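Below is one structure; the comments refer to it alone.
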């Protein structure tokens, strides 16, 4: 495993880590957006909620509720990208908390992208991309253990 990292400098590994994490962020967030940006899915979710009666909500109210939900989702996704951007800046300056955050992100990201690949098959989106992203997260996770050994 060490041979994959011995050819890297610290700067190269930092750049690869940031790029791979951004790719993972955009992949997962795009998946979430595409999954929930569907009025029929929204109606199905509302109908599953026990305290809501979809028949009591007028058809003229469903579209504005859907639009509000989508705006909230986009805001949430933007906030995630913003927070992760700050973490990646701290990682560039080798802050320990950012390194630990990225270790946890990559540790949780690898199995999550496998699950997204399975779910993506039913939506016909990016099965191969999520499998590749799984390996990229694994590369990041193991690479951070070799980080201190690498030359600056």
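In the numbering used here, the protein residues as written are 8 to 159.
For each residue, glycine too, the CB sits at the ideal point set by N, CA and C.
In this text the structure is predicted, and so the values were computed from the model without any measurement.
Tell me the residue span of the alpha helix (DSSP H) that contains residue 56.
Here residue 56 corresponds to residue number 49 of the chain shown, with the count starting at 1. Per DSSP, residue 56 belongs to no alpha helix (DSSP H) and is neither H nor E.
Considering only the alpha carbon of each residue, which of 85, 28, 12 and 11 lies closest to residue 96?
For the purposes of this step, residue 96 is taken as the residue at position 89 of the chain shown. Ranking the options by Cα distance to residue 96, first place goes to 28.
Using a Cβ-Cβ cutoff of less than 6 Å, which residues in the same chain neighbour residue 12 once the five nearest sequence positions on both sides are dropped?
In the chain shown, counting from the first residue as 1, residue 12 sits at position 5. Within the same chain, residue 12 has close Cβ partners 150 and 153.
Smallest Cα separation from residue 39: which of 67, 23 and 85?
What you label residue 39 is simply residue 32 of the chain shown in a count that begins at 1. Out of 67, 23 and 85, 85 has the C-alpha closest to the C-alpha of residue 39.
Buried or exposed: which applies to residue 137, given that a residue is buried once 16 or more other Cβ atoms fall within 10 Å of its Cβ?
Here residue 137 corresponds to residue number 130 of the chain shown, with the count starting at 1. When all chains shown are included, residue 137 counts as buried.
Measure the Cβ-Cβ separation of residue 147 and residue 111 and say whether it is below 8 Å.
On the chain shown, position 140 is the one that residue 147 refers to. On the chain shown, position 104 is the one that residue 111 refers to. No. Outside cutoff.
Run the CB neighbour count on residue 22, radius 10 Å, all protein chains shown included, and call it buried at 16 or more, exposed below.
Indexing the chain shown from 1 puts residue 22 at position 15. Counting the other Cβ atoms within 10 Å of the Cβ of residue 22 gives fewer than 16, which makes it exposed.
For residue 124, which of helix, strand or coil comes out of DSSP?
Here residue 124 refers to the residue found at position 117 of the chain shown. DSSP places residue 124 in helix when its eight states are reduced to three.
Taking residue 16 as part of the alpha helix (DSSP H), name the residues at either end of that continuous run.
Residue mapping note: residue 16 aligns to position 9 of the chain shown, counting from 1. First-last for residue 16: undefined, no H or E at that position.
Using the Cα positions of residue 73 and residue 15, report the straight-line distance between them to the nearest angstrom.
For this step, residue 73 is matched to residue 66 along the chain shown. For this step, residue 15 is matched to residue 8 along the chain shown. If I take the Cα positions, the gap works out to 47 Å.
Apply the 10 Å Cβ neighbour rule to residue 64 and answer buried if 16 or more other Cβ atoms are within range, or exposed otherwise.
Counted from its first residue, the chain shown places residue 64 at position 57. Exposed, because fewer than 16 other Cβ atoms sit within 10 Å of the Cβ of residue 64.
If I follow the unbroken alpha helix (DSSP H) through residue 83, where does it start and stop?
In the chain shown, counting from the first residue as 1, residue 83 sits at position 76. Its alpha helix (DSSP H) spans residues 66-99.
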